[in-house]
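Following: one structure in structure tokens, then a few remarks.
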């Protein structure tokens, strides 16, 4: 079963300010787009042909992104995974202890994507069945915060570049540079 990271979504308060940080170190920054239906403005960091790009999202109005931002502040929102068989992967996720998020039924009927969550693992997994045609990984390593004893929920996924954070602190590595949450504030 093929599984790869499509993007890592970070909620930020000031998308222009954070985008500039990436521009100054030579990263390709996409156009900032507004999505009224989602209540966000968003931009991708990294070449469009790359896997594992960074998605910056800033909440604009009432909705799930603003609710998450108010609850937790800036930080990791979700990791999007591409799979070749969504039903097979969903069954696998259930066997290893991940839970289907309640929004998934509605989201699947509209977008053919589902969400998984797990208590003790501080990230949503957005899973979509699609043929990824990317050339390389923009983000080479993703360290996901997990509670002590919950590391196996990330390890069992078997996703290249995805690891439980040893210190419970989220970080990513882009071009040999580690970016932590303080870099997104």
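In my numbering, the protein residues as written are 14 to 198.
Every residue gets a Cβ at the ideal spot worked out from N, C-alpha and C, and that includes glycine.
Selection 32, 47 and 163 evaluated against residue 198 yields 32 as nearest (Cα-Cα).
For a cut-off of 8 Å, the C-beta gap from residue 124 to residue 68 is around 15 Å, too long to register as a contact. Just so you know, the alpha carbons of residue 28 and residue 42 end up roughly 11 Å apart. Ranked by Cα distance from residue 63, the first of 24, 104, 187 and 170 is 187. With 16 or more neighbouring CB atoms inside 10 Å of its own CB, residue 139 falls in the buried class. Taking the Cα of residue 39 as reference, the smallest distance to any Cα among 181, 176 and 151 is reached at 151. Note that the C-beta distance between residue 24 and residue 87 is below 7 Å. Annotated three-state conformation of residue 124 is helix, per DSSP.
By the criterion of a C-beta distance shorter than 6 Å, residue 181 is surrounded in its chain by 158, once the five residues flanking it on both sides are discounted.
Sequence-distant Cβ neighbours of residue 192 in its own chain, meaning closer than 7 Å and more than five residues away, are 184 and 185. Taking C-beta atoms as the reference points, residue 95 and residue 143 count as a pair closer than 7 Å.
Nearest in C-alpha terms to residue 146, of all of 107, 195 and 65, is 65. The Cβ neighbour count for residue 93, taken over all protein chains shown within 10 Å, is at least 16; the residue is labelled buried. The stretch 42-57 makes contact with the stretch 70-85, as at least three CB pairs between them are under 8 Å. Cβ neighbours of residue 135 within its own chain (closer than 6 Å, five residues either side excluded): 158. Residue 167 counts as buried, since at least 16 other C-beta atoms from the protein chains shown sit within 10 angstroms of its C-beta.
The three-state secondary structure of residue 78, taken from DSSP, is helix.
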